[in-house]
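Enquirer: Have a look at the structure that comes next, please.
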Amino acid sequence: MKKNKYIGVLLLMIIFSSCKTLLKTGKNNPEKYRPAYHFSPKKGWMNDPNGMIYLDGTYHLFYQHNPDTIVWGPMHWGHATSTDLMQWEEQPIALFPDSLGTIFSGSVVLDKNNTAGFGKDALVAIFTHHNHYIEEEKTGLHQYQSIAYSLDQGKSWTKYTGNPVLPNPGIWDFRDPKVMWHAGSGQWIMTLATKQSITFYGSKNLKEWKRLSEFGNDTGANGGVWECPDLLCLPTPEGDKWVLLVSINPGGPNTGSATQYFVGDFDGTTFTTNQKDIRWMDYGPDNYAGVTFSNTGNRHILIGWMSNWAYANMVPASTWRSGMTIPRILSLQKVSEKWFLVSSPITKELMNEDVQQIGDMHVQNNTQDWSNYIKKTDGAFELSFTLDKVTTFDLVLSNNTGDELLLGFDKSTDQFFVDRSKAGNANFYPAFITRTVVPRISDTGMINYRLLVDRNSVEVFADGGLSNLSSIFFIERPFHVLKFRSPTNVNVRDLSIKVIK
Ligand code: FRU
Numbered sequence: 001m002k003k004n005k006y007i008g009v010l011l012l013m014i015i016f017s018s019c020k021t022l023l024k025t026g027k028n029n030p031e032k033y034r035p036a037y038h039f040s041p042k043k044g045w046m047n048d049p050n051g052m053i054y055l056d057g058t059y060h061l062f063y064q065h066n067p068d069t070i071v072w073g074p075m076h077w078g079h080a081t082s083t084d085l086m087q088w089e090e091q092p093i094a095l096f097p098d099s100l101g102t103i104f105s106g107s108v109v110l111d112k113n114n115t116a117g118f119g120k121d122a123l124v125a126i127f128t129h130h131n132h133y134i135e136e137e138k139t140g141l142h143q144y145q146s147i148a149y150s151l152d153q154g155k156s157w158t159k160y161t162g163n164p165v166l167p168n169p170g171i172w173d174f175r176d177p178k179v180m181w182h183a184g185s186g187q188w189i190m191t192l193a194t195k196q197s198i199t200f201y202g203s204k205n206l207k208e209w210k211r212l213s214e215f216g217n218d219t220g221a222n223g224g225v226w227e228c229p230d231l232l233c234l235p236t237p238e239g240d241k242w243v244l245l246v247s248i249n250p251g252g253p254n255t256g257s258a259t260q261y262f263v264g265d266f267d268g269t270t271f272t273t274n275q276k277d278i279r280w281m282d283y284g285p286d287n288y289a290g291v292t293f294s295n296t297g298n299r300h301i302l303i304g305w306m307s308n309w310a311y312a313n314m315v316p317a318s319t320w321r322s323g324m325t326i327p328r329i330l331s332l333q334k335v336s337e338k339w340f341l342v343s344s345p346i347t348k349e350l351m352n353e354d355v356q357q358i359g360d361m362h363v364q365n366n367t368q369d370w371s372n373y374i375k376k377t378d379g380a381f382e383l384s385f386t387l388d389k390v391t392t393f394d395l396v397l398s399n400n401t402g403d404e405l406l407l408g409f410d411k412s413t414d415q416f417f418v419d420r421s422k423a424g425n426a427n428f429y430p431a432f433i434t435r436t437v438v439p440r441i442s443d444t445g446m447i448n449y450r451l452l453v454d455r456n457s458v459e460v461f462a463d464g465g466l467s468n469l470s471s472i473f474f475i476e477r478p479f480h481v482l483k484f485r486s487p488t489n490v491n492v493r494d495l496s497i498k499v500i501k
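Numbering (UniProt numbering) for the sequence shown: 1 to 501.
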């Protein structure tokens, strides 16, 4: 009798555990590609981050959202909040389409001095209305800027009755307002994407806007439409510098969409730069439309959309689609007389509880198996190390269903790379880009490598965040095998692995 009971319990345990495995890997499991520590919507489609703002200890993330299907469609602003930038809680939808159009990308500011008259400390969202019916008339007047306000910390929003606040002057692509307060000139500055340029507008009250200047057209990368700009002031030992971020689709460095930047100066009216070369914030295929939070003081925190317009609507998915990148702090670093943007991922808050400091090791022209270190991570971890010389190396991540991701550095080309051609389903659409590279920018004699793995994505921050690559893939099971290969002798210093809780 006792024995039967024991067998029964054992059977139940086996059924339970195979159900769990099935659920994790099963074809119909909608959670199969869900990241562990990156934001993704519970259901529906998501693209650009919008209106990000920090308020009284809470980070607000709004985002382009089509709640009803998993392809791009009538855009709403979804809403999520977090206190640590890693654990997000989804909130009710913030902005719905209305008679002026659907709600495209934009920003949110805290109107401390009630310049708009909606109330002291009102949140004001500045966004693009996209009118599909006017678009059909082909006049190019279908995108215009509107505002909405919230008096309860973003929970509910009221659209301004005087919308639009900035009508379209006849430019087909006229969108994605990013607004900031410019103390020097005592006004709000709107940085707006206008086809293949950025137009700056100024306002005292967020309702009446005056055109100030235009930047671009024949500058930088022009292989596609300019979108989702951001203008930031970053400190350097040589004084403040202004950085203009411009997402472009297509025309990225690895084809598809990506974000370029310009380092220069902004005087309250005009942005100027001496930069002749094209600089990309992240060479990876999957970091687009990234902008920074408002109201974070001197910390400029960027989040991007972890996908690419070349294939975003086609990636394997069933009930939800797309995630965001890890939040990154942006700063400037000088290399060979040029200023480059540095991205430093914010992962500390959740990960520092379980850090394995593995230390130093010597690799002698061979392969080292590091699988033991990632055993308990369920495919969600951060790894970092420094190599004491600039040398070719590979990291191979794999699982027992045959998926394999290859990444590392190739000294002969001086490029870091991520090759996802064998990392799960890579044939779902011809435009899925399989091998991507980023040139080494740093001129030091060592390589510093930081890698965030979150089940179906990797984010590489090489040389302290000078050379970056973000990439998604679609594997059957989380990676649990990790190998390091080097064709030469090299010392690996400070190898550390952090488990995501
Ligand atoms: C960028 C973008 C924006 C636009 C939004 C529409 O990814 O094309 O220019 O506002 O997406 O969803």
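In this text, a Cβ means the ideal position worked out from N, Cα and C, and glycines have one as well.
Just so it is clear, the structure is predicted and the values come from calculations on it, not from any experiment.
So, for lysine 112: in the same chain, excluding its five sequence neighbours on each side, which residues have a beta-carbon less than 8 Å away from its beta-carbon?
Expert: Counting only Cβ-Cβ distances below 8 Å, and skipping sequence neighbours, we find Lys120, Asp121.
Enquirer: Quick one: Cα of aspartate 410 to Cα of leucine 61, how far?
Expert: Going from the Cα of aspartate 410 to the Cα of leucine 61 covers about 37 Å.
Enquirer: Any idea which residues DSSP pairs glutamate 227 with across the strands?
Expert: Ser247, per the DSSP bridge assignment.
Enquirer: Contact defined as beta carbons within less than 8 Å: I believe leucine 332 pairs with threonine 236. What is the distance between those atoms, to the nearest angstrom?
Expert: Indeed they touch by this definition, with Cβ atoms about 5 Å apart.
Enquirer: Between the C-alpha atoms of histidine 362 and arginine 485, what's the straight-line distance to the nearest angstrom?
Expert: Each residue's alpha carbon lies about 12 Å from the other.
Enquirer: CB-CB under 7 Å to tryptophan 305, same chain, minus the five flanking residues each way: which ones, in chain order?
Expert: Result list for tryptophan 305: Asn47, Asp48, Pro49, Tyr288, Ala289, Ser322, Met324, in chain order.
Enquirer: What is the rounded straight-line gap between the Cα of aspartate 277 and the Cα of tryptophan 339?
Expert: Rounded to whole angstroms, aspartate 277 to tryptophan 339 spans 11 Å at the Cα level.
Enquirer: Within 8 Å, do at least three Cβ pairs link the region 134-147 to the region 180-187?
Expert: Flag = no, the region 180-187 and the region 134-147 do not touch.
Enquirer: For asparagine 308 and threonine 434, I'd like the C-alpha separation in whole angstroms.
Expert: Going by the C-alpha atoms only, they are around 12 Å apart.
Enquirer: Beta-carbon within less than 6 Å of serine 318's beta-carbon, same chain only, minus the 5 sequence neighbours each way: which residues are those?
Expert: Here the set comprises Pro30.
Enquirer: Quick check on the DSSP output: the alpha helix (DSSP H) that includes histidine 132 runs from which residue to which?
Expert: Taken as a continuous stretch (DSSP letters only), the alpha helix (DSSP H) holding histidine 132 covers 132-136.
Enquirer: In chain order, what are the residue ranges of uninterrupted beta strand (DSSP E) at least 3 long that sit wholly in the UniProt domain "Glycosyl hydrolase family 32 C-terminal" (367-496)?
Expert: Qualifying beta strand (DSSP E) stretches, in chain order: 367-369, 380-387, 393-398, 404-410, 415-419, 435-439, 447-454, 457-462, 467-472, 481-485.
Enquirer: Do serine 107 and the ligand FRU come close, with the Cβ less than 8 Å from some heavy atom?
Expert: It does not: the Cβ of serine 107 is nowhere closer than 8 Å to a heavy atom of the ligand FRU.
Enquirer: Does the beta-carbon of aspartate 230 have 16 or more other beta-carbons within 10 angstroms, so that it is buried, or is it exposed?
Expert: The residue is buried, with at least 16 neighbouring Cβ atoms inside 10 Å.
Enquirer: Residues in the same chain with beta-carbon distance under 6 Å from glycine 26, minus the five sequence neighbours each way, listed in chain order, please.
Expert: Any reading at glycine 26 needs caution, since the residue's pLDDT is 43, under 50, leaving its predicted position unreliable; the model's value is listed next. Closer than 6 Å at Cβ, skipping near neighbours: no residue.
Enquirer: For the ligand FRU, any of its heavy atoms closer than 8 Å to the Cβ of alanine 193?
Expert: It does: the Cβ of alanine 193 is within 8 Å (strictly closer) of some heavy atom of the ligand FRU.
Enquirer: Distance, Cα to Cα, leucine 23 vs glutamate 476?
Expert: A caution first: leucine 23 carries a pLDDT of 43, below 50, which makes its placement in the model too unreliable to give a value.
Enquirer: Could you pull out every residue in the same chain whose Cβ sits closer than 6 Å to the Cβ of leucine 244, ignoring the five residues on either side in sequence?
Expert: Same-chain partners within the cutoff: Leu231, Phe262, Phe271.
Enquirer: Identify the continuous beta strand (DSSP E) that holds methionine 364 and give its terminal residues.
Expert: The question names methionine, but residue 364 in the sequence shown is glutamine. From DSSP, the beta strand (DSSP E) with glutamine 364 extends over 355-364.
Enquirer: Just mark glutamate 459 as buried or exposed, buried being the case when its beta carbon has 16 or more other beta carbons within 10 Å.
Expert: When all chains shown are included, glutamate 459 counts as buried.
Enquirer: In the DSSP output, what is proline 49 paired with across the bridge?
Expert: Looking at the DSSP assignment, proline 49 forms a beta bridge with Tyr63.
Enquirer: Thinking alanine 116 and leucine 206 are a contact (beta carbons under 8 Å), I'd like their distance in whole angstroms, please.
Expert: Yes, they are in contact, since the Cβ atoms of alanine 116 and leucine 206 sit about 4 Å apart, within 8 Å.
Enquirer: Does the region 364-372 touch the region 463-475, meaning 3 or more C-beta pairs lie closer than 8 Å?
Expert: The region 463-475 is not in contact with the region 364-372.
Enquirer: Would you kindly work out how many angstroms separate the C-alpha atoms of aspartate 494 and phenylalanine 461, rounded to a whole number?
Expert: C-alpha separation (whole angstroms): 16 Å.
Enquirer: At a cut-off of 8 Å, is histidine 130 close to the ligand FRU when judged by its beta-carbon and the heavy atoms of the ligand?
Expert: Because some heavy atom of the ligand FRU lies under 8 Å away, the Cβ of histidine 130 counts as near it: yes.
Enquirer: Tell me which same chain residues have a C-beta within less than 7 Å of the C-beta of proline 164, skipping the five on either side of it?
Expert: Hits under 7 Å: Leu100, His129, Tyr144, Gln145, Ser146.
Enquirer: Please state whether the Cβ-Cβ distance between alanine 310 and proline 250 is less than 9 Å.
Expert: In this structure, proline 250 lies closer than 9 Å to alanine 310 by Cβ.
Enquirer: Distance, Cα to Cα, glutamine 275 vs serine 197?
Expert: Roughly 16 Å between the two C-alpha positions.
Enquirer: Please give the ranges of any beta strand (DSSP E) in the region 137-222, keeping only runs that are unbroken, at least 3 residues long and fully inside the region.
Expert: Counting only runs of 3 or more, we get 143-150, 174-182, 187-194, 197-203, 210-216.
Enquirer: Could you give the residue range of the beta strand (DSSP E) that holds leucine 95?
Expert: 89-95 is the extent of the beta strand (DSSP E) around leucine 95.
Enquirer: Straight-line CA distance for glutamine 91 to glutamine 64?
Expert: Rounded to whole angstroms, glutamine 91 to glutamine 64 spans 14 Å at the Cα level.
Enquirer: Measure the alpha-carbon distance for threonine 102 versus glycine 154 and round it to whole angstroms.
Expert: Roughly 19 Å between the two C-alpha positions.
Enquirer: List the DSSP bridge partners of isoleucine 329.
Expert: The partner list for isoleucine 329 (beta bridge, DSSP) reads Ile301, Ser344.
Enquirer: Quick check on the DSSP output: the beta strand (DSSP E) that includes aspartate 111 runs from which residue to which?
Expert: Element bounds for aspartate 111: 102-111.
Enquirer: Pull up the distance between the alpha-carbon of threonine 21 and that of glycine 264, whole angstroms please.
Expert: Because the pLDDT at threonine 21 is just 43, under 50, the model does not fix this residue reliably, and the value given afterwards should be weighed accordingly. Approximately 53 Å between the Cα atoms of the pair.
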